[in-house]
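Below is one structure; the comments refer to it alone.
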Amino acid sequence: MGSAASSKRIALVDVNNFYASCETVFDPTLRGRSVVVLSNNDGCVVARSAEAKSAGIKMAQPWHQVAPSIQRRTQVFSSNYALYADMSNRVMTILGDLAPSQEVYSIDESFLDLTGIPNLARHATGIGQRVGQWTGLSVCVGIGSTKTRAKLANYVAKKAPEYDGIFNLEDWTDHDQTAVLTRIPVGEVWGIGFRTQRRLTAMGIRTVADLQSADPKHLRQLFGVVIERVVAELNGDACMDLEQAPPPKKQIRSSRSFGKPVTDLSSLKEAMLAFVSIAAEKLRRQGSLASTMQVFICTNVFKAEAPQYSTGYTLKLPYAMDDTVMLARFAIRTLEHLYKPGFEYKKAGVNLMNLTPRENTQFGLFTNDDAVQRADKLSGTMDAINQRFGREALCLGRLAGKRRWSMNQSRLSRSYTTNSKELILAR
DNA sequence: TCTGGGGTCCTAGGACCC
DNA sequence: TCTGGGGTCCTAGGACCC
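full-length UniProt numbering applies: residue 1 is where the first sequence begins, and numbers increase by one.
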């Protein structure tokens, strides 16, 4: 087996029930209770405590479909992204200190390269203890010779309580590894989604062990190159490196569903201005310029009886830009063309694409340098103010107190860590 | 008789992830 | 009443060029 030859030891560390655990850390009376966190607009369940899981609440389930008897004994929260981002930073910093190299893979997951570290079991235990002591959150650690194997090991660490949240796939003989992988459905493999699982199962490839021993060339013909790499990684042949510095985004999107249906153009414009402001700020933060913009609006697809209209337009910008005022001008003009009265709009958004680095960009022959510089200065000032007073402090064209399009967030917890007005009270 | 064919760029859409 | 948002990569197919 290839894994035996490979000397790499990659760990995947992730926080258990991350969003739900963040809420519990700051309100210990929630411990041992069913806790869920909802998506934007309080729509779907995106995080569950262990008790919520055993109560039968499913991931991504619309909250209104959860049985009332279960709802009643569940503590429910709107997503408090400021809190989760802050807790994430703390965890990632701790993990970074405990490994020679780290890839922050998502808000609650990190790959660590632990190759060559003696007594891996003790090191992994130490990781869990330090995160627990310093943040109050608990983690699982999966170790394997490739990222895909580390992910699988993490799955075992989560599912099998006898391992205490730590599982090193490479500690086991080939025979015992196969025994483990035979018990895991193929859909649990990183990169095998719902559709691919269905097709594989129909071919008789039901478990991870089945996929590991399948013919990669044949699968490539049927499914494409991605699955060929998955099979290689399962066999210990690394196809994916640790990415220590996140590559710049290739597109930046900002969109939201509205709390209530929106019918009038002026509310849509107001929402679009907010989306452009958010996207442009992200664009500037990563030091990029956008040369293509996509604007889209749509009605509620779940409301089958209502008239449906879903449309978007992708336009080439006259030059690569990062300035909110100019981007907003194009977005609003596009929106005016797309808008048709008589529909109940549910969602809108903007997507900045074709991003290029800002440095050494030659501005177009026909751009007015003075105008570009003034716009730069304005955007920079806006970023500074919003940095200091919160993202909503300064926006374009906001009609104070009349946000008919804003999200439902009726169950937001306090911003314990990021807002000095909401500091936790000591008792 | 036989009516090109290979390369490149772009876009839309599928599939996946958290 | 109430159904998330923000990303990535790959592929197929059309347009275009010589």
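Glycine included, C-beta positions come from ideal geometry on N, C-alpha and C. Bear in mind the structure is a predicted one, so any value in this text is a computation, not a measurement.
- The secondary-structure analysis by DSSP pairs Ala-11 across a beta bridge with Leu-112, Ile-143.
- Under the three-state reduction of DSSP, Ala-290 is assigned to strand.
- In this structure the stretch 172 to 185 does not touch the stretch 29 to 47; the number of beta carbon pairs closer than 8 Å is below three.
- Under the three-state reduction of DSSP, Tyr-339 is assigned to coil, being neither helix nor strand.
- For Ala-348, the enclosing beta strand (DSSP E) begins and ends at 345 to 357.
- Inside the stretch 143 to 201, DSSP marks whole alpha helix (DSSP H) runs of 4 or more residues at positions 147 to 159, 174 to 182, from first to last along the chain.
- Judged by DSSP in its simplified three-state form, Val-66 adopts coil rather than helix or strand.
- With respect to the 8 Å criterion, Ala-150 and Phe-111 are classified as neighbours on the basis of their beta carbons.
- In this structure, the straight-line span from the alpha carbon of Gly-287 to that of Glu-359 is close to 8 Å.
- Non-local C-beta neighbours of Leu-152 in its own chain, meaning closer than 6 Å and more than five positions away in sequence, are absent.
- Cβ contact annotation for Gln-197 (same chain, cutoff 7 Å, sequence separation greater than five): Val-186, Gly-187, in chain order.
- Where Met-321 is concerned, the enclosing beta strand (DSSP E) starts and stops at 310 to 321.
- Just so you know, the alpha carbons of Ser-69 and Gly-56 end up roughly 12 Å apart.
- A distance below 6 Å between beta-carbons, with the five flanking residues on each side excluded, links Ala-232 to the following residues of its chain, in chain order: Cys-239.
- C-alpha of Gln-61 to C-alpha of Val-36: approximately 11 Å in a straight line.
- Inclusion of Glu-344 and Asn-300 in the CB contact set at 8 Å is warranted, their separation being smaller than that value.
- Glu-23 counts as buried, since at least 16 other C-beta atoms from the protein chains shown sit within 10 angstroms of its C-beta.
- Restricting attention to Lys-340, Asp-322, Lys-303, the CA atom closest to the CA of Thr-311 is found in Lys-340.
- In summary, Val-226 is exposed, with fewer than 16 beta-carbon neighbours lying within 10 Å of its beta-carbon over all protein chains present.
- Collapsing the DSSP output to three states places Gln-61 in coil.
- With respect to Ser-406, Arg-284 sits apart: the two C-beta atoms are not nearer than 8 Å.
- For Ser-106, the three-state secondary structure derived from DSSP is strand.
- Phe-302 sits in coil when the DSSP states are folded into three classes, being neither helix nor strand.
- Excluding the 5 residues flanking it on each side, Leu-169 has same chain C-beta neighbours closer than 7 Å at Ile-143, Gly-144, Arg-149, Leu-152, Ala-153, Gln-177, in chain order.
- For Thr-125, the enclosing alpha helix (DSSP H) begins and ends at 120 to 135.
- Looking at the DSSP output, Ser-257 shares a beta bridge with Lys-347.
- Ala-348 and Leu-317 do not touch by the CB rule: their CB atoms are close to 19 Å apart, not below 8 Å.
- As the crow flies, the alpha-carbon of Ile-117 is around 20 Å from that of Asp-164.
- According to the DSSP secondary-structure assignment, Ala-47 is paired through a beta bridge with Val-37.
- Excluding the 5 residues flanking it on each side, Ser-410 has same chain C-beta neighbours closer than 8 Å at Asp-42, Ser-78, in chain order.
- In the three-state reduction of the DSSP assignment, Thr-207 falls in the strand class, which pools E and B.
- Distance from the CA of Tyr-155 to the CA of Gly-191, rounded to the nearest whole angstrom, comes to 14 Å.
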